[in-house]
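Residue numbers (this note's numbering): 16 to 174. All remarks here apply to the structure that follows.
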Amino acid sequence: MDFKAVIIDPNDITRILFGAGGKLSPMEFAQGLVFIVLAGIAVNFLSLVPGLGLIMGIIGLVVGLVLMFGWICIFSKRFHDAGKSGWVTLLAILAAIVIGILTGLILGPLFGLQLSAEADYASYLSMSPGRMFQNVLQSVIVNGALGYYMFNLKPVAAD
């Protein structure tokens, strides 16, 4: 597979990422998911810039909500292509939460996150380089696992 094949065409961003109607080929799904993951990674890296605290929190929230909407849209379209209801996306969200929690429990201690009653809540919320890399790795693992499944969904034959 060519590396450029997974790069989304700027003209197709709104069609692929926004709106639950229409169809997505497996490659368009992959392009949308790669875009969402890379945008999330970029926001994580920006969170390390000193002095951006509240501004980055607001930007991160807005960008995160937009990316979450795009994620729901591309998953919903792929489920429609496979002949399933778009509501099955709720199961994908649940799977993402479960995989995210499990990987967080495994990766947290590796990246210096304390999982004890004595842990300082403020330090848990602050973005350190270790925490940022944990977030990036969790995002790649969760979206890679679910994306692999969705990419391989077989479309329903048109009547």
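By construction, the Cβ of each residue, glycine as well, lies at the ideal position given by its N, Cα and C atoms. Predicted, not measured: the structure shown is a model, and the values here were computed from it.
So, at 7 Å on beta carbons, what are the nonlocal neighbours of asparagine 177 in its own chain, with the 5 sequence-adjacent residues on each side left out?
Nothing can be reported for residue 177, as the shown portion of the chain is limited to 16 through 174.
Measure the Cβ-Cβ separation of alanine 54 and valine 78 and say whether it is below 8 Å.
Yes, they are a contact pair.
Which residues mark the beginning and the end of the alpha helix (DSSP H) in which leucine 76 is found?
Per DSSP, leucine 76 belongs to the alpha helix (DSSP H) from 68 to 96.
By how many angstroms is the C-alpha of leucine 82 removed from the C-alpha of serine 91?
Computed Cα separation, rounded: 14 Å.
Would you mind sorting phenylalanine 94 into buried or exposed? The rule is 16 or more other CB atoms within 10 Å of its CB.
Its Cβ being crowded by 16 or more others within 10 Å, phenylalanine 94 is buried.
Are the CB atoms of phenylalanine 44 and leucine 32 nearer to each other than 8 Å?
The answer is no: Cβ separation not under 8 Å.
Is the CB-CB distance between leucine 67 and leucine 61 below 8 Å?
A contact, by the Cβ cut-off of 8 Å.
What does the alpha-carbon distance come out to for the pair leucine 105 and glycine 159?
Leucine 105 and glycine 159: Cα-Cα distance of roughly 18 Å.
Please report the distance separating the alpha-carbon of proline 170 from that of glycine 98.
Spanning the two alpha carbons is a distance of roughly 7 Å.
Within the 8 Å Cβ cut-off, does histidine 95 reach chain D?
Although the question refers to chain D, the structure presented lacks it and comprises just one protein chain.
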